[in-house]
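*Asks:* Take a look at this one; I'll ask things after.
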Amino acid sequence: MEEKTFVEDIDRSLYDFRNEDKDAYRIEEGLTKEIVEQISREKHDPEWMREFRLKSLDVYNKTPMVQWGPSIEGLNMDNIVTYVRPNTKMQGKWEDVPDDIKDTFERLGIPQAEQTSLAGVGAQYDSELVYHNVRKEVEEQGVVYTDMESALNGPYADMVKEHFMMLVPPTDHKFAALHGAVWSGGSFVYVPKGVKVAIPLQSYFRLNAKGAGQFEHTLIIVDEGADLHFIEGCSAPKYNVANLHAGCVELFIAKNAKLRYSTIENWSKNMYNLNTKRALVAEGGTIEWVSGSFGSHVSYLYPMSVLNGEGAHSEFTGVTFAGHGQNLDTGCKVVHNAPHTTSVVNTRSISKSGGISTFRSSVVVTNKAKQAKSSVSCQSLMLDNISRSDTIPAIDVRTADADIGHEAKIGRISDDAVFYLMSRGISEEEARAMIVSGFADNVSKELPLEYAVEMNNLIRLEMQGSIG
Amino acid sequence: MAEELLQVRNLQVNVEDKQILHSIDLDIKPGETHVLMGPNGAGKSTLGYALMGNPKYTITGGSIVFNGEDITKLSVDKRAKAGLFLSFQNPLEVPGISLSSFLKTALEQQRGVRIKAWDFRKELRQAMALLQMDNKYAERDLNTGFSGGEKKKAEILQLLMLNPQLAILDETDSGLDVDAVKIVSQGIKTFQEHRNGALLIITHNTKILEALHVDKTHILAQGSIIKNAGPELVEEISKHGFEQFLQK
Ligand SMILES: Nc1ncnc2c1ncn2[C@@H]1O[C@H](COP(=O)(O)OP(=O)(O)OP(=O)(O)O)[C@@H](O)[C@H]1O
Ligand SMILES: [Mg+2]
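First to last, the sequence lines map onto chains D and L.
69 is the number of the first residue of the first sequence in the numbering used here; add one for each residue after it.
1426 is the number of the first residue of the second sequence in the numbering used here; add one for each residue after it.
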């Protein structure tokens, strides 16, 4: 009982299977003007996009490396392959997807989930989508859900052009610039006025290629009074070289509309996850972020809500689990930029086996945001003495009547609680996993059942072998 | 002679470096009900914890044999699986785990098979009805925000669901209102009579014992059992207190 041994390698076989690279096209390593031009050609960009990419590359070259936060020294852009096209066109039927890729998504449970509980699915493999399908009923409601490439050249081209990297401009930070230059894949969603999509849409991003980067762009526009739940999942097998994820998510929530954006992120532990997500919320609109971060070697992830219309509301519910060798810097930002805007941040972070989990929150209340209200609560659980958990709150208030609350708690698993559960016949490992899952229930109870189960399985995986 | 279910011999228990229990001997046969009384701080809860295997309570000498197996060094979960149960004096709150999913996991671990959701719910409803518990409690987080009395009822619910061979009840009656004492006492009686369960009831109050059959009574004071007797001792203690026994 007293003796505890730490086994660092847990069984990740569920996620950690690799396919042989059979890509149709793989660009050279590194980042040059030629490479960017080539990606643009491969993707049949409209001219404005080609220019956008080149400008972004310029910005990238002029912007210094990130100096704060976890070290990204292990990431050398000269070694990253920015574009790998899978050996298939995008298909509308799973039967038409090549077997090895289809198997991958089957092992991840995507086609099964689509059958039972999703309104539409997009599946990205390396740099491009290999499958995309929306239920007929949803399509008949006028909902547009397609890959970005089609969107750029289809009937919604103008809408895409108007919104693309408007919320996250390439000048925002170095990896936003990188994204602007080499982005590929991702989804475009438009929900027309008043349309309420009853069950979620999902995009799944799988990075299979060794030493590659994934730079998908997700653009979602929820029009007035509409309602959508979008789920994003991601995973990759582990390699001994660095992989990079620098995606970008831009969400536009119109007047009285509502969007829930849920993510279960489970990148492999050689991944640098430098992802940028932002939502712009108009009057009476709501954005709800639900976020589970489990994977990656290093993460910088701070979804941001800009509350731009009166009474707009943002809710962020997150859990971050940092195990051995992981440095996960996560958090959330809220900008209150209109009267009576409200925000709630509720996060849990867990660290184990030397993992580092840092939670940053930033709440800004501009002078336009009369009677803004915000509450931030962050709880951390450290599973041993070698792990770290920090909370870094920042609050900037420019009004006299804001109502801002912040609370942070750090704890450990109570031995008495473990004893209590064990006294009912539950093993020590199971008891600890139950307590950790319970701690993370702020997120799991917000997820559809299948995803909550998957998240608890991930926690169980992380907890495995931590006891002798 | 019936085989002993529990056989405690010369048990010595430390908390940190302090000896709390000195030399405990205790025998309980299958289906027997024993009452353990004694002043505050005597070591009653310590005995319960030590029998259940709480790692904070170090056994420095003696042995615990359960069903013929020496369990002195066995881990807590294995003792539970062997048929031992402890109703806690202060049940722990575990946020994020519902009472029902916790109980289902516990039952599955005990039985070693998956239980169908439907069968489980039926069993749970029955036990809850017996204890006059609202079904809603099953979906609440384990003991979290439960009142003192509700926690105790939830302990007896677990007892009825897990159906052990020996249940140690550590002041299950304290904090219960008059009606709740009756209900809980009915629950314990069900365990006693219909399941032939053995009991070690730790209490300061005789109310809970009124409807129950008692076989033996023990007084624990300052870490030692100072008196073993039949059921009549309960009455005597409730009338005259421990004073007379302590003087000897
Ligand atoms: N975890 C612990 N740490 C320190 N001291 C302890 C601990 N547990 C028990 N003790 C001490 O051991 C002694 C016996 O405590 P125990 O809880 O067993 O008494 P009890 O007979 O159950 O009393 P009560 O009737 O008040 O419940 C007390 O002096 C108590 O302070
Ligand atoms: Mg006690």
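Note that beta-carbon positions come from the ideal geometry of N, C-alpha and C, so glycine has one too.
Keep in mind that this is a model prediction, so the values were computed, not measured.
1) Around the Cβ of D:M133, are there at least 16 other Cβ atoms within 10 angstroms (buried) or fewer (exposed)?
2) Just the chain D side, please: which residues come within less than 7 Å of L:L1430 by C-beta, in chain order?
3) Hey, would you say the C-beta of L:D1595 is under 7 Å away from at least one heavy atom of ligand 2?
4) At a threshold of 7 Å, does D:I267 count as lining ligand 1 (C-beta to nearest heavy atom)?
5) Figure out for me which residue from L:L1645, L:V1659 and L:S1663 has the closest Cα to the Cα of L:L1671.
6) Looking at C-alpha atoms only, which residue of D:A437, D:S443, D:T415 and D:E497 is the closest neighbour of D:S512?
7) Starting from the beta carbon of L:I1522, find every residue of chain D whose beta carbon is closer than 7 Å, and list them in chain order.
8) What number of angstroms, rounded off, separates the C-alpha of D:H112 from the C-alpha of D:N343?
9) Name all residues in chain order for which at least one heavy atom of ligand 1 lies closer than 5 Å to the residue's CB.
10) In chain order, what are the residue ranges of uninterrupted beta strand (DSSP E) at least 3 long that sit wholly in the region 398–429 of chain D?
11) If you follow the beta strand (DSSP E) that D:E318 is part of, which residue opens it and which one closes it?
12) So D:N334 is in the alpha helix (DSSP H); what residue range does that whole segment cover?
13) Answer with buried or exposed for D:N308, where buried requires no fewer than 16 other C-beta atoms within 10 angstroms of its C-beta.
14) Straight-line CA distance for D:Q579 to D:A499?
15) Identify the continuous alpha helix (DSSP H) that holds D:M227 and give its terminal residues.
16) Does any C-beta atom of chain D lie closer than 8 Å to the C-beta of L:K1506?
17) Is the region 1551–1559 of chain L touching the region 514–529 of chain D, taking contact as three or more C-beta pairs under 8 Å?
18) Could you check what DSSP says for D:M502 in three-state terms: helix, strand or coil?
19) Under 8 Å by Cβ, that's how I've got D:R492 and L:A1505 pegged, so tell me the actual separation to the nearest angstrom.
20) Skipping 5 residues on each side, what residues in its chain have a beta carbon closer than 8 Å to that of D:E196?
21) Looking at chain D, is there any beta carbon in it that lies within less than 8 Å of the beta carbon of L:L1587?
22) What residues are listed by DSSP as bridge partners for D:Q270?
23) List, in order along the chain, the chain D residues whose C-beta lies closer than 9 Å to that of L:D1502?
24) To the nearest angstrom, how far is it from the Cα of D:L220 to the Cα of D:P114?
25) Hey, is L:Q1514 close to ligand 2, as in C-beta under 7 Å from one of its heavy atoms?
26) DSSP three-state label for L:K1561, please.
27) Enumerate in chain order the residues of its own chain whose CB-to-CB distance from D:T410 is below 6 Å, with the five nearest sequence positions on each side excluded.
28) Going along the region 1447–1480 of chain L in order, which residues come within less than 9 Å of chain D, judged by CB to CB distance?
29) Assuming contact is defined by CB atoms lying nearer than 8 Å, are D:Y340 and D:S303 in contact in what I supplied?
30) Got a sec, what are the start and stop residues for the alpha helix (DSSP H) L:K1529 sits in?
31) Just the Cα atoms here: how many angstroms apart are L:K1443 and L:F1491?
32) Return the chain-ordered list of same chain residues with a C-beta closer than 6 Å to the C-beta of D:V412, the five sequence neighbours on each side being excluded.
33) What's the call for D:I288, buried or exposed, on a 16-neighbour Cβ count within 10 Å?
34) Quickly, what does DSSP pair L:G1486 with across the bridge? List them, please.
35) For D:E56, which of helix, strand or coil comes out of DSSP?
*Replies:* Quick answer:
1) Indexing the first sequence from 1 puts residue 133 of chain D at position 65. Exposed, by the Cβ-count rule.
2) The residue given as residue 1430 of chain L occupies position 5 in the second sequence. Those within 7 Å of L:L1430 in chain D number zero; the least Cβ separation is about 18 Å.
3) The residue you call residue 1595 of chain L lines up with position 170 of the second sequence. Checking the Cβ of L:D1595 against ligand 2 gives yes.
4) The sequence position of residue 267 of chain D within the first sequence is 199, counting from 1. Not so, every heavy atom of ligand 1 lies at least 7 Å from the Cβ.
5) Along the second sequence, read from residue 1 onward, the residue named residue 1671 of chain L stands at position 246. That would be L:L1645, whose Cα lies nearest to the Cα of L:L1671.
6) If you number the first sequence from 1, residue 512 of chain D lands on position 444. Cα-wise, what sits closest to D:S512 is D:T415.
7) As a working mapping, residue 1522 of chain L is identified with position 97 in the second sequence. What L:I1522 touches in chain D: M502 and G506.
8) Translated into positions along the first sequence, residue 112 of chain D becomes position 44. Translated into positions along the first sequence, residue 343 of chain D becomes position 275. Their Cα atoms are separated by approximately 25 Å.
9) L:V1440, L:I1445, L:N1465, L:G1466, L:A1467, L:G1468, L:K1469, L:S1470 and L:T1471
10) 410–419
11) As a working note, residue 318 of chain D is residue 250 in the first sequence. That run of the beta strand (DSSP E) goes C316 to I321.
12) The sequence position of residue 334 of chain D within the first sequence is 266, counting from 1. Taken as a continuous stretch (DSSP letters only), D:N334 belongs to no alpha helix (DSSP H), being part of the beta strand (DSSP E) at K326 to N334.
13) Taking the first residue of the first sequence as position 1, residue 308 of chain D is located at position 240. Answer is exposed; the Cβ neighbour count stays below 16.
14) Here chain D covers residues 69 to 536 and nothing more, so residue 579 of chain D does not appear.
15) Reading the first sequence from its first residue, position 159 is the one you call residue 227 of chain D. Element bounds for D:M227: A225 to H231.
16) Position 81 of the second sequence, counting from 1, holds the residue named residue 1506 of chain L. Yes, L:K1506 lies at the interface with chain D (some Cβ there is under 8 Å from its Cβ).
17) no
18) Taking the first residue of the first sequence as 1, we reach residue 502 of chain D at position 434. D:M502: helix per DSSP, three-state reduction.
19) Taking the first sequence and counting its residues from 1, one reaches residue 492 of chain D at position 424. Taking the second sequence and counting its residues from 1, one reaches residue 1505 of chain L at position 80. That belief holds up - the Cβ atoms of D:R492 and L:A1505 are roughly 6 Å apart, short of 8 Å.
20) Residue 196 of chain D sits at position 128 when you count from the first residue of the first sequence. Excluding sequence neighbours, D:E196 sits near R153, P154, M158, D215, E217, S252 and G253.
21) For this step, residue 1587 of chain L is matched to residue 162 along the second sequence. True, the Cβ-Cβ gap to chain D drops below 8 Å.
22) Taking the first residue of the first sequence as position 1, residue 270 of chain D is located at position 202. DSSP, once it has assigned bridges, lists D:V189 and D:I299 as partnering D:Q270.
23) Numbered from 1 along the second sequence, position 77 holds the residue referred to as residue 1502 of chain L. Per Cβ cutoff of 9 Å: L489, M490, S491, R492, G493, I494, S495, E496, E498 and A499.
24) Position 152 of the first sequence, counted from the first residue, corresponds to residue 220 of chain D. Position 46 of the first sequence, counted from the first residue, corresponds to residue 114 of chain D. About 8 Å.
25) Position 89 of the second sequence, counted from the first residue, corresponds to residue 1514 of chain L. Under cutoff, so the answer is yes.
26) Walking along the second sequence from the start, residue 1561 of chain L turns up at place 136. In this structure, L:K1561 counts as helix in the three-state DSSP scheme.
27) Here residue 410 of chain D is taken as the residue at index 342 of the first sequence, counted from 1. Only H381 and K441 meet the Cβ criterion.
28) Y1474, M1477, G1478, N1479 and P1480
29) Start at 1 with the first residue of the first sequence, and residue 340 of chain D comes out as number 272. Start at 1 with the first residue of the first sequence, and residue 303 of chain D comes out as number 235. For D:Y340 and D:S303, no; Cβs fall outside 8 Å.
30) Residue mapping note: residue 1529 of chain L aligns to position 104 of the second sequence, counting from 1. Unbroken alpha helix (DSSP H) run through L:K1529: L1524 to R1536.
31) Reading the second sequence from its first residue, position 18 is the one you call residue 1443 of chain L. Reading the second sequence from its first residue, position 66 is the one you call residue 1491 of chain L. For L:K1443 and L:F1491, the distance between alpha carbons rounds to 26 Å.
32) Along the first sequence, read from residue 1 onward, the residue named residue 412 of chain D stands at position 344. If we look at D:V412 and ignore the five residues flanking it on each side, its Cβ neighbours are E383 and S443.
33) Along the first sequence, one-based indexing puts residue 288 of chain D at 220. The residue is buried, with at least 16 neighbouring Cβ atoms inside 10 Å.
34) Residue 1486 of chain L sits at position 61 when you count from the first residue of the second sequence. Beta-bridge pairing links L:G1486 to L:Q1437.
35) Not covered by the structure: residue 56 of chain D. The range shown for chain D is 69 to 536.
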